[in-house]
Amino acid sequence: MVESAAGTAPRRQGRIGLQLSDLDDTRIVALDTLLQAVTGSAAGDGYDEIQQLLNADDYLAANGGGTDYGRGNYYIAFLGTPSDSGTWELQFGGHHLAFANTYVDGALVGSTPSFRGVEPFGTFEQNGTSNSPLANEQSSFAEMLAGMSTEELATAKLDSVYSDLVLKPGNDWAFPTTKEGVQVSTFTPEQKQLVMAAIATYVDDIDDADAATILAKYESELDQTYVSYSGSTGVTEQNDYVRIDGPSVWIEFSMQHGIVLSGNHPHSVWRDRTTDYGGTQE
Amino acid sequence: MLVLSSIGLWLIGGTAQAHVLPTTTIELDVRAAEIDAALTIPLSDLEAASGIDLGSAGQSGIDAHSSELLDYLENHFAPTTLDGRPWAVTFDELNLSSAEDLGTGIYDTLTTAAHLVPPAGADERSFDLGYDAVIHRVVTHVVMVTVRSDWSTGTIDSGREIGTVGVDSVTGDITPLTVHLDDGSAWQGFVSMVSLGITHIREGTDHQLFLLTLLLPAPLLVAARRWGGPARPGVAVRKIAAITLAFTVGHSVTLALGTIGFPVPQQPVEVLIAISILVAAVHAVVPIFAGREAFTAGIFGLVHGLAFSATLTELDLTGGQLAVSLLGFNIGIELMQLAVVAAVLPPLIVLARTRIYHPVRAAAAVLAAAAAAGWVFDRVGFPNIVADAADSLADVTPYVVAALWIAAVAVAVLLLRGRLVGTAGPDAFRKGEDRRQGRVVRGRAPRHAQMDRQGLVEHPQEVHMRVRHVLRD
Chain C
42 MVESAAGTAP RRQGRIGLQL SDLDDTRIVA LDTLLQAVTG SAAGDGYDEI
92 QQLLNADDYL AANGGGTDYG RGNYYIAFLG TPSDSGTWEL QFGGHHLAFA
142 NTYVDGALVG STPSFRGVEP FGTFEQNGTS NSPLANEQSS FAEMLAGMST
192 EELATAKLDS VYSDLVLKPG NDWAFPTTKE GVQVSTFTPE QKQLVMAAIA
242 TYVDDIDDAD AATILAKYES ELDQTYVSYS GSTGVTEQND YVRIDGPSVW
292 IEFSMQHGIV LSGNHPHSVW RDRTTDYGGT QE
Chain B
484 MLVLSSIGLW LIGGTAQAHV LPTTTIELDV RAAEIDAALT IPLSDLEAAS
534 GIDLGSAGQS GIDAHSSELL DYLENHFAPT TLDGRPWAVT FDELNLSSAE
584 DLGTGIYDTL TTAAHLVPPA GADERSFDLG YDAVIHRVVT HVVMVTVRSD
634 WSTGTIDSGR EIGTVGVDSV TGDITPLTVH LDDGSAWQGF VSMVSLGITH
684 IREGTDHQLF LLTLLLPAPL LVAARRWGGP ARPGVAVRKI AAITLAFTVG
734 HSVTLALGTI GFPVPQQPVE VLIAISILVA AVHAVVPIFA GREAFTAGIF
784 GLVHGLAFSA TLTELDLTGG QLAVSLLGFN IGIELMQLAV VAAVLPPLIV
834 LARTRIYHPV RAAAAVLAAA AAAGWVFDRV GFPNIVADAA DSLADVTPYV
884 VAALWIAAVA VAVLLLRGRL VGTAGPDAFR KGEDRRQGRV VRGRAPRHAQ
934 MDRQGLVEHP QEVHMRVRHV LRD
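Chains as they are written, first to last, in the working numbering: chain C, 42 to 323; chain B, 484 to 956.
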């Protein structure tokens, strides 16, 4: 049903909405205001993270990627009409970044799936600032694994190899029925803090108030949440992979080889088993 | 609402991952008694799944580990009949290659061909693929399976996807692929070969050009070693039929020889074809093998047939399929040839009666010679714009044919009304032709000439009658 309906939606290059390269300065300012309102304020996440990800794409365009890359290729779209009543949805994204916020009667009911990836991964200069997007995501996963004991790591380690996300874009409503890895209920409070810190690097991408609510919910479900990984615990090599799988929360982080540049780069996704797309599957 | 948001997200998600990871591809070639599977496996995922480190030594790394790689592949490619009986699988040599798909960047691949043979009496067209190489370990990897060729359904060089093999994220299990090939038949195969033959000539500008250039002077008689007046339509048609038939016999012989295994040197054959057009073009201006056109057409037919055979040998057929394909392909070639001759011939015969036919014929011959010369240089290794222009001749031919018919109808109408006297100089050529025919000659103006039943002398009224005869035919 999704696919056939999507086939009739008007699109250019598979996208709907306004392309950033078509927006004049006034609209760009308005867009910035909108993004700041719907995203988190923490450094390295939320609005700051979006700016760093756009800088990364500009960097790719200027360093071998060409015109296929760059912030001009990103787009903003509204489904329905923004209002305090009824349903509408805001979408923003492009290469390595996509999120959609669904609002019902003025309240945020869906903020997933949220895709975050970046090339180049590491620190680089672009647009007058130093950028290192997704650095706190990667380091929080590495710290989470570093805080686990040898036995816990053995339980958490997945036999399979992951060269990509399991629930990659398009693979919706396909959550595994069986949870793999080590159950967080066996963790110490400090270890649980590290798990929450990792989850927060994704949830803090949305506005602070809603983020706090969602984090509280995930924290309440920690004991039924599982952590697993594949590859090495440093989360820097190709095929390194980390997953947090709870009753609601689903986060994956996959390290892949470079496309435009050499050097590994991550893809990651935050999904929610109950609120993906703002509600349950029809 | 929910549908709307999921549409939106589906679209977004599709662009968030602007680049994708390489997949394994399995391309099936369905043959008479076995199925060949061309495997292309991304190297890094293969190493991760098999644990075999090939280093960065390229092909020599693969050669050094070839027995381990073969063991691995044999353990992970086990097709069976629907009731579980195993097929036999053998592998050709393993090669290092590279590929690039949309959004993947260039990546290294392992390529090989596997020969799948069903057990005796088993259904060759429905079976379980039994493939889980790479995906048994790299659970995010995907295998795409396509049918590349299947003679008995008339599939040649397609990329029709028949399924994918991968891990179902919900269950964690590999979803197995059962291959169900469409029902085929010898008739479908035959028809597709006829179609292939038709297409081959339709797109074979050089073959068409040879035939047409050879036919250019066919409606004419020779006189004093130059092209002269028009032959009677009956004579012309017989001559053209002989040329076409000889060409057909020639190319049928070498088509058969080349297909059953006679070695065909591709490049020299292509050059010879271009030369054949050159020779035919010269003959169209000045008769260099008058009276021996059919023989020459036959000889050059032998060359063209070798080129035709390349199309069939590519299909790598055997036995009954090969025989049926040879017949069908040849029939297809003949059908298209006949269509070309039928489209061009009647207007040529009519136009041959006019004074302008000589310069038009010469101009056409010069153009054909230019195209042929361009092709000769191109095919010995010097690409040039003349050859490029000649390659796009096919786009022009429908208009040329239409122009020919319009001109021919106009000429026929004018001839009928007696406004146009038949070709220049039947009296000029008469003496020469009469001498050749061994007749005693007496000079006479054509207007008062005796009607000669052999049509060597043209009287306007005779032209008139003959034109009507032609038109009636």
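All residues carry an ideal CB built from backbone N, CA and C; glycine is no exception. Note that the coordinates shown come from a computational prediction; the quantities given were computed from them, not determined experimentally.
Mapping the DSSP letters down to three states, classify residue i as helix, strand or coil.
{"i": "F294(C)", "result": "strand"}
{"i": "F860(B)", "result": "helix"}
{"i": "L186(C)", "result": "helix"}
{"i": "M484(B)", "result": "Only weak support is given to the placement of M484(B): the predicted model assigns it a pLDDT of 44, under 50, and the question is left unresolved by the model."}
{"i": "A521(B)", "result": "strand"}
{"i": "V626(B)", "result": "strand"}
{"i": "V807(B)", "result": "helix"}
{"i": "H734(B)", "result": "helix"}
{"i": "F772(B)", "result": "coil"}
{"i": "A701(B)", "result": "coil"}
{"i": "Y144(C)", "result": "strand"}
{"i": "T638(B)", "result": "strand"}
{"i": "H663(B)", "result": "strand"}
{"i": "D73(C)", "result": "helix"}
{"i": "T573(B)", "result": "strand"}
{"i": "T507(B)", "result": "strand"}
{"i": "D286(C)", "result": "strand"}
{"i": "G567(B)", "result": "coil"}
If you follow the beta strand (DSSP E) that residue i is in, where does it begin and where does it stop?
{"i": "A597(B)", "result": "G588 to V600"}
{"i": "A215(C)", "result": "From DSSP, A215(C) is part of no beta strand (DSSP E); its letter is neither H nor E."}
{"i": "E644(B)", "result": "R643 to V650"}
{"i": "D584(B)", "result": "N578 to D584"}
{"i": "E166(C)", "result": "F165 to Q167"}
{"i": "R709(B)", "result": "R709 to P713"}
{"i": "W311(C)", "result": "H306 to D313"}
{"i": "G134(C)", "result": "T128 to G135"}
{"i": "R685(B)", "result": "Note, R685(B): premise wrong, no beta strand (DSSP E); alpha helix (DSSP H) at A669 to R685."}
{"i": "T170(C)", "result": "T170 to N172"}
{"i": "D611(B)", "result": "S609 to D611"}
Is it buried or exposed for residue i, if we count other Cβ within 10 angstroms and need 16 for buried?
{"i": "I247(C)", "result": "buried"}
{"i": "D554(B)", "result": "exposed"}
{"i": "N168(C)", "result": "exposed"}
{"i": "N558(B)", "result": "exposed"}
{"i": "V924(B)", "result": "Per-residue confidence for V924(B) stands at a pLDDT of 43, beneath the threshold of 50, marking its modelled position as unreliable; the derived number appears in the next sentence. So V924(B) counts as exposed."}
{"i": "P881(B)", "result": "exposed"}
{"i": "G287(C)", "result": "buried"}
{"i": "E90(C)", "result": "buried"}
{"i": "H734(B)", "result": "buried"}
{"i": "Q750(B)", "result": "exposed"}
{"i": "W129(C)", "result": "buried"}
{"i": "Y318(C)", "result": "buried"}
{"i": "H931(B)", "result": "With a pLDDT of 38 at H931(B), under the threshold of 50, the modelled position of that residue is not reliable, and the figure given next carries that caveat. Exposed: under 16 other Cβ atoms inside 10 Å."}
{"i": "G588(B)", "result": "exposed"}
So residue i contacts chain C; which residues on that side make the cut at Cβ distance below 7 Å?
{"i": "H624(B)", "result": "S204"}
{"i": "L579(B)", "result": "The contacting residues do not exist; L579(B) stays about 18 Å from chain C at best."}
{"i": "D528(B)", "result": "S204"}
{"i": "G655(B)", "result": "P217 and T219"}
{"i": "R620(B)", "result": "S201 and V202"}
If you follow the alpha helix (DSSP H) that residue i is in, where does it begin and where does it stop?
{"i": "I545(B)", "result": "Q542 to A547"}
{"i": "E193(C)", "result": "T191 to A197"}
{"i": "L692(B)", "result": "T688 to L698"}
{"i": "N96(C)", "result": "G87 to L101"}
{"i": "T122(C)", "result": "Segment: none, T122(C) is in no alpha helix (DSSP H) and carries neither H nor E."}
So which residues on chain B does residue i lean against when the C-beta distance must stay under 9 Å?
{"i": "T324(C)", "result": "The requested residue 324(C) does not occur in the structure, where chain C is confined to residues 42 to 323."}
{"i": "S273(C)", "result": "What S273(C) touches in chain B: nothing, since even the nearest Cβ is about 13 Å away."}
{"i": "N104(C)", "result": "What N104(C) touches in chain B: nothing, since even the nearest Cβ is about 14 Å away."}
So which residues of chain B does residue i contact, with C-beta pairs closer than 8 Å?
{"i": "L208(C)", "result": "S652"}
For a contact defined as C-beta to C-beta under 8 Å, what are the partners of residue i on chain C?
{"i": "V648(B)", "result": "Correct list: empty, because the minimum Cβ distance to chain C is about 15 Å."}
{"i": "L504(B)", "result": "S204, D205 and Q297"}
Under 9 Å between beta-carbons, which chain C residues line up against residue i? List them in chain order, please.
{"i": "G588(B)", "result": "H298, G299, I300 and V301"}
For a contact defined as C-beta to C-beta under 7 Å, what are the partners of residue i on chain B?
{"i": "N212(C)", "result": "S652"}
{"i": "N280(C)", "result": "A531"}
{"i": "S289(C)", "result": "None at all; the shortest Cβ gap to chain B is about 17 Å."}
Can you list the beta strand (DSSP E) stretches of 3 or more residues lying completely in the segment 213-281 of chain C, in chain order?
Runs of the beta strand (DSSP E) inside the segment 213-281 of chain C: 267-271.
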